[in-house]
Amino acid sequence: MTTKITFTLDGREVEAQPGETIWQAAQRQGTTIPHLCWHPAPGYRADGNCRACVVEIEGERV
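Quick note: the sequence shown, position 12, residue 11 per numbering that gives the first Met the number 0, numbers continuous.
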């Protein structure tokens with residue numbers, strides 16, 4: 000059994016699907032997080048060098 004997680008995004012509660020990124024959950028909810036290196040191709044992993052998509056989680060940069 001996989002567990003969904005819930006987090007607060009811009010004051011709204013968002014439920015993320017198993018394996019879904021914060022960016023993907025935000026997009027699904029209609030919230031735009033700036034990005035340059037993310038791509039939906041299977042197996043693609045963004046390297047995060049540009050840091051355009053940096054978000055804050057409980058005081059931490061992620």
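Every residue gets a Cβ at the ideal spot worked out from N, C-alpha and C, and that includes glycine. This structure is a prediction, so every number in the text was calculated from the model and none was measured.
| query | Can you tell me where the beta strand (DSSP E) with I32 in it begins and where it stops? | reply | For the purposes of this step, residue 32 is taken as the residue at position 33 of the sequence shown. Note, I32: premise wrong, no beta strand (DSSP E); not H, not E.
| Under a Cβ-count criterion, where at least 16 other Cβ atoms within 10 Å of its own Cβ denotes burial, should A24 be classed as buried or exposed? | To locate residue 24, count along the sequence shown from 1; it is residue 25. Counting Cβ neighbours within 10 Å, A24 comes out buried, since at least 16 surround it.
| query | In chain order, what residues of the same chain lie with their CB nearer than 6 Å to the CB of A15, ignoring the 5 residues before and after it? | reply | Residue numbering aside, residue 15 sits at position 16 when the sequence shown is read from its first letter. Cβ within range, chain order: I4, A24.
| Alpha-carbon to alpha-carbon, R11 and L35 | For the purposes of this step, residue 35 is taken as residue 36 along the sequence shown, with counting starting at 1. For the purposes of this step, residue 11 is taken as residue 12 along the sequence shown, with counting starting at 1. Their Cα atoms are separated by approximately 25 Å.
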